[in-house]
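K.L.:
The UniProt record's numbering applies: residue 1 is where the sequence shown begins, and numbers increase by one. Every residue gets a Cβ at the ideal spot worked out from N, C-alpha and C, and that includes glycine. The structure presented is a predicted model; accordingly, all values stated were derived computationally and were not measured. Supplied in structure tokens, the structure appears directly below.
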Amino acid sequence: MLHELNILNPATEEVVATVPTTSPEQVDAAVRRAAAAQETWAAVAPGDRARILRRFADVVDANISALAELELREAGHPLGNAQWEAGNVRDLLHYAAGGVERLTGTQIPVAGGLNITVQEPLGVVAVIAPWNFPMPIAAWGTAPALAAGNAVLLKPAETTPLTALRLAELALEAGLPEGLFQVLPGEGPVTGTALVDHPGVAKVVFTGSTATGRQIAARCAAQTKRLTLELGGKSPNIVFADADIEAAAAAAPGSFLDNTGQDCCARSRILVQRTVYDRFMELLEPAVKAFTVGDPADPATQMGPLISAAQRERVRSYVPEDAPAAIRGEAPAGKGFWYPATVLEGRPDDRTAVEEIFGPVAVVIPFDDEADAVRIANATDYGLSGSLWTRDVGRALRVSRAVAAGNLSVNSHSSVRYWTPFGGFKQSGLGRELGPDALTAFTETKNIFISTEISTQNSTEESK
Ligand SMILES: NC(=O)C1=CN([C@@H]2O[C@H](COP(=O)(O)OP(=O)(O)OC[C@H]3O[C@@H](n4cnc5c(N)ncnc54)[C@H](OP(=O)(O)O)[C@@H]3O)[C@@H](O)[C@H]2O)C=CC1
Ligand SMILES: O=C(O)[C@@H](O)[C@@H]1OC[C@H](O)[C@H]1O
Numbered sequence: 001m002l003h004e005l006n007i008l009n010p011a012t013e014e015v016v017a018t019v020p021t022t023s024p025e026q027v028d029a030a031v032r033r034a035a036a037a038q039e040t041w042a043a044v045a046p047g048d049r050a051r052i053l054r055r056f057a058d059v060v061d062a063n064i065s066a067l068a069e070l071e072l073r074e075a076g077h078p079l080g081n082a083q084w085e086a087g088n089v090r091d092l093l094h095y096a097a098g099g100v101e102r103l104t105g106t107q108i109p110v111a112g113g114l115n116i117t118v119q120e121p122l123g124v125v126a127v128i129a130p131w132n133f134p135m136p137i138a139a140w141g142t143a144p145a146l147a148a149g150n151a152v153l154l155k156p157a158e159t160t161p162l163t164a165l166r167l168a169e170l171a172l173e174a175g176l177p178e179g180l181f182q183v184l185p186g187e188g189p190v191t192g193t194a195l196v197d198h199p200g201v202a203k204v205v206f207t208g209s210t211a212t213g214r215q216i217a218a219r220c221a222a223q224t225k226r227l228t229l230e231l232g233g234k235s236p237n238i239v240f241a242d243a244d245i246e247a248a249a250a251a252a253p254g255s256f257l258d259n260t261g262q263d264c265c266a267r268s269r270i271l272v273q274r275t276v277y278d279r280f281m282e283l284l285e286p287a288v289k290a291f292t293v294g295d296p297a298d299p300a301t302q303m304g305p306l307i308s309a310a311q312r313e314r315v316r317s318y319v320p321e322d323a324p325a326a327i328r329g330e331a332p333a334g335k336g337f338w339y340p341a342t343v344l345e346g347r348p349d350d351r352t353a354v355e356e357i358f359g360p361v362a363v364v365i366p367f368d369d370e371a372d373a374v375r376i377a378n379a380t381d382y383g384l385s386g387s388l389w390t391r392d393v394g395r396a397l398r399v400s401r402a403v404a405a406g407n408l409s410v411n412s413h414s415s416v417r418y419w420t421p422f423g424g425f426k427q428s429g430l431g432r433e434l435g436p437d438a439l440t441a442f443t444e445t446k447n448i449f450i451s452t453e454i455s456t457q458n459s460t461e462e463s464k
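Set out below in structure tokens:
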């Protein structure tokens, strides 16, 4: 049923805005408008398309503070994080704009003529974004899709539509054609489903839970619709005895507490070699407790609230706040969806060690040797990211190759750069986003043969 969405500030539970939802009939009208705008956009000379997208990036840049403020209010993200998120949109728009003129085809030698391969835009693309990183994840689909000559219909999560709506206004200000980039707020099962099922939508880019991703994949399959899925994770952080243990312990809290653990790349399984386990735990405790929790507007804050009461209930269903824990941080009392940093000691097959919790909770598990570490690391259905800490370069390469995940980092927890490919193995997704192939993912490949002579033969190949 259609109604207005009440957008809450997760740190205070105050209503910061109300936003109307989009009905299936409105989705249909939006697809038609987008299709008309896309035809015009695809015909714009590549250099001009790139220039308009760079202008969009510049307008976003001029609005970084305001966008970050909006993110802080609707998602509860600490100000510094929110500023990074808005900057990521700007950077990705610049990167995608640079790809417009480089979306080259190929020429392959054949007998009797010229054989060329070209990349053509798909048409109208639906981007269904989650609430955990509302701005960057929306941009990861939107920017390259626009750059490749497509129109984009973005459905933000129902809890976080405000930055998306503002980005659509900024796109118009920058000179993007009316209708080319539209934001359709609404609920997944209504607005999202209408978009996924619409025959005028050529591709769906979805980021969210594996369960919803599977449902969307099944609906797309019914129309052989193109699809990219960026789903959940349960990423390992493997600490070998030969690592710089102090550095590994100092870096661990950020890897599962950033964004209050609502990060599909969160290193929420910490695997520690048994011989250094006690030392690591001794170092981890003060590091977790020093992670500053509180008002997202305070520049010193590192961790804000969870997104919603429902998300807090989900985290509690795995670990109630009064359950025994090896390490537990503080959380503000009173209004807001707060939950304390929590570290459990566990076993590889514990539910908390294999399922995505999406909160500030990590499980620490001891291992004996390299083979044991790899076995435990791979013992989940997910395969998005992972880290390993070691001083042995041979081990770093061996283990990186052996862990079944799309993005690994050594002596670091970074996963996502807009200029490198990102995506998951196994149940963590399908396809890749970002990186040099980001635009190609929004094109069809067409091969054309031009004969040098009018031919009455079906084949011009040398032999059959
Ligand atoms: N990979 C990641 O980055 C993310 C993973 N998750 C995981 O998922 C869990 C649950 O979060 P949740 O918000 O329910 O995630 P969902 O996967 O349900 O939501 C993600 C997006 O999909 C939309 N959606 C939901 N159902 C449908 C549908 N049937 N058709 C089309 N679109 C749909 C949502 O809309 P609406 O907001 O209206 O529900 C939202 O925009 C989290 O705890 C976490 O484990 C969640 C977010 C991001
Ligand atoms: O989808 C996610 O949660 C991750 O890809 C996340 O998004 C922005 C961060 O840099 C990533 O860790």
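Quick one, are the C-beta atoms of Gly-329 and Pro-320 less than 9 Å apart?
P.N.:
No, these two residues do not count as a Cβ contact at 9 Å.
K.L.:
What do you get for Trp-140, buried or exposed, if any count of 16 or more other CB atoms within 10 angstroms of its CB means buried?
P.N.:
buried
K.L.:
Can you check which of these residues, Val-16, Ala-17, Asn-447, Gly-429, is closest to Leu-229 by C-alpha distance?
P.N.:
Taking only the C-alpha atoms, the option nearest Leu-229 is Gly-429.
K.L.:
With distance defined between alpha-carbon atoms, name the residue in Pro-10, Glu-444, Glu-4 nearest to Asp-295.
P.N.:
Pro-10
K.L.:
Taking Phe-240 as the reference, give the member of Ala-362, Trp-389, Gly-346, Leu-162 with the closest Cα.
P.N.:
Trp-389
K.L.:
Can you tell me whether Arg-226 is helix, strand or coil according to DSSP?
P.N.:
strand
K.L.:
Would the beta-carbon of Ala-126 fall within 9 Å of that of Val-16?
P.N.:
no
K.L.:
Just mark Lys-155 as buried or exposed, buried being the case when its beta carbon has 16 or more other beta carbons within 10 Å.
P.N.:
Counting Cβ neighbours within 10 Å, Lys-155 comes out buried, since at least 16 surround it.
K.L.:
Using the Cα positions of Ala-86 and Val-361, report the straight-line distance between them to the nearest angstrom.
P.N.:
26 Å
K.L.:
Is the distance from the Cβ of Pro-121 to the Cβ of Gly-149 below 9 Å?
P.N.:
yes
K.L.:
Quick check for students: name the residue ranges of the beta strand (DSSP E) that lie wholly in the segment 252 to 287, counting only runs of 3 or more.
P.N.:
Restricting attention to beta strand (DSSP E) runs no shorter than 3 residues, the segment 252 to 287 encloses them at 269 to 273, ordered along the chain.
K.L.:
Compare the Cα-Cα distances from Gly-424 to each of Thr-210, Ala-290, His-198, Glu-178 and report the closest residue.
P.N.:
Thr-210
K.L.:
With H, G and I counted as helix, E and B as strand and the rest as coil, what does DSSP make of Ser-463?
P.N.:
Note that Ser-463 has pLDDT 46, beneath the 50 cutoff, so the model's placement of it is unreliable and no number is given.
K.L.:
What did DSSP end up calling Glu-187 once you bin it into helix, strand or coil?
P.N.:
If DSSP states are grouped into helix, strand and coil, Glu-187 belongs with coil.
K.L.:
Looking only at its own chain, which residues have a Cβ that is under 6 Å from the Cβ of Lys-464, when we skip the five neighbours before and after it?
P.N.:
In this predicted model, Lys-464 has a pLDDT of only 41, less than 50, meaning its place in the structure is not dependable; the value taken from the coordinates is given anyway. Nothing listed; no residue qualifies.
K.L.:
So, for Gly-336: in the same chain, excluding its five sequence neighbours on each side, which residues have a beta-carbon less than 7 Å away from its beta-carbon?
P.N.:
Result list for Gly-336: Pro-10, Ala-11, Thr-12, Glu-13, Pro-305, in chain order.
K.L.:
Is the segment 173 to 181 in contact with the segment 69 to 83, if contact means three or more CB pairs nearer than 8 Å?
P.N.:
no
K.L.:
Over what stretch of residues does the beta strand (DSSP E) that includes Phe-291 continue unbroken?
P.N.:
Where Phe-291 is concerned, there is no enclosing beta strand (DSSP E), given that its DSSP letter is neither H nor E.
K.L.:
Is residue 476 helix, strand or coil when you go by DSSP?
P.N.:
This structure cannot settle anything about residue 476, because the visible part of the chain is limited to 1 through 464.
K.L.:
Identify, in the order they occur along the chain, each residue of the same chain with its Cβ nearer than 6 Å to the Cβ of Phe-256, setting aside the five sequence neighbours on each side.
P.N.:
So the list reads Ala-266, Arg-267, Ser-268, Ala-362, once near-sequence residues are dropped.
K.L.:
Within 8 Å: the Cβ of Asn-132 and any heavy atom of ligand 1?
P.N.:
yes
K.L.:
Could you give the first and the last residue of the continuous alpha helix (DSSP H) run that contains Ser-412?
P.N.:
Taken as a continuous stretch (DSSP letters only), Ser-412 belongs to no alpha helix (DSSP H), as it is neither H nor E.
K.L.:
Which of helix, strand or coil does DSSP assign to Trp-389?
P.N.:
strand
K.L.:
Pull up the distance between the alpha-carbon of Val-60 and that of Val-89, whole angstroms please.
P.N.:
8 Å
K.L.:
Return the chain-ordered ranges of every alpha helix (DSSP H) run that is complete within the segment 32 to 120 and spans a minimum of 4 residues.
P.N.:
Every alpha helix (DSSP H) of 4 residues or more that sits fully in the segment 32 to 120 is shown, in chain order, as 46 to 62, 64 to 75, 79 to 100.
K.L.:
Taking only heavy atoms of ligand 1 into account, decide whether any of them is closer than 8 Å to the Cβ of Lys-155.
P.N.:
Checking every heavy atom of ligand 1 against the Cβ of Lys-155, one is found closer than 8 Å.
K.L.:
When you compare only the Cα positions, how much space is there between Arg-115 and Gly-192?
P.N.:
At residue 115 the sequence reads Asn, which differs from the Arg that was named. Looking at the two C-alpha atoms, the distance is approximately 40 Å.
K.L.:
Can you tell me where the beta strand (DSSP E) with Thr-18 in it begins and where it stops?
P.N.:
Boundaries of the beta strand (DSSP E) harbouring Thr-18: 15 to 20, taken from the DSSP string.
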